[in-house]
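Asks:
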Amino acid sequence: MSNKFEKELEKLAKSKHEGHDEVIKKFETWGKELDENIKKIDKANQVFLKEVEGKLGYMNQWFAKKEKQFGKMLRFLQ
Numbered sequence: 000m001s002n003k004f005e006k007e008l009e010k011l012a013k014s015k016h017e018g019h020d021e022v023i024k025k026f027e028t029w030g031k032e033l034d035e036n037i038k039k040i041d042k043a044n045q046v047f048l049k050e051v052e053g054k055l056g057y058m059n060q061w062f063a064k065k066e067k068q069f070g071k072m073l074r075f076l077q
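Residues 0 to 77, numbered by numbering that gives the first Met the number 0, are exactly what the sequence shown covers, in order.
1) Taking the straight line between their C-alpha atoms, what separation do you get for S1 and E21?
2) Under DSSP, the alpha helix (DSSP H) around Q45 begins and ends at which residues?
3) Which residues in the same chain have their Cβ closer than 6 Å to the Cβ of A63, if we skip the five residues on either side of it in sequence?
Below, the structure written as C-alpha cells:
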C-alpha cells in the first residue's frame with residue numbers, strides 16, 4: 000500500500016513540477032512577445048516623430064509668413 004501511495008505522490012509532484020514549468024515557459028514567451036511589440040511601437044513612434052518634426056519646421060515658416068501678411072493687412076486697414 001505504501002509503495003502505491005509513494006508512486007501517487009511522485010506522480011502528483013511531477014505533475015505540479017510540469018505545470019509550474021509550463022507556466023514559466025508561457026510567461027517567458029509572453030515577455031518576449033511583449034518586448035518585441037514594445038520595440039515595434041517604439042520604432043513606429045520614432046518614425047512618426049521624425050516625420051512630424053520635419054513638417055513642424057515647414058508649418059512654423061508658413062504660419063510666420065501668414066502672420067506677417069495678416070499684420071500688414073491690419074496696418075492697411077487702420
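Built from N, CA and C at the ideal position, the CB exists for glycine as well. Note that this is a predicted model, so its numbers are computed, not measured.
Replies: By the coordinates alone:
1) So the two alpha carbons sit approximately 30 Å from each other.
2) Run containing Q45: 1 to 76, per the alpha helix (DSSP H) assignment.
3) Counting only residues of its own chain and dropping the five nearest sequence neighbours on each side, A63 has no CB closer than 6 Å to any other CB.
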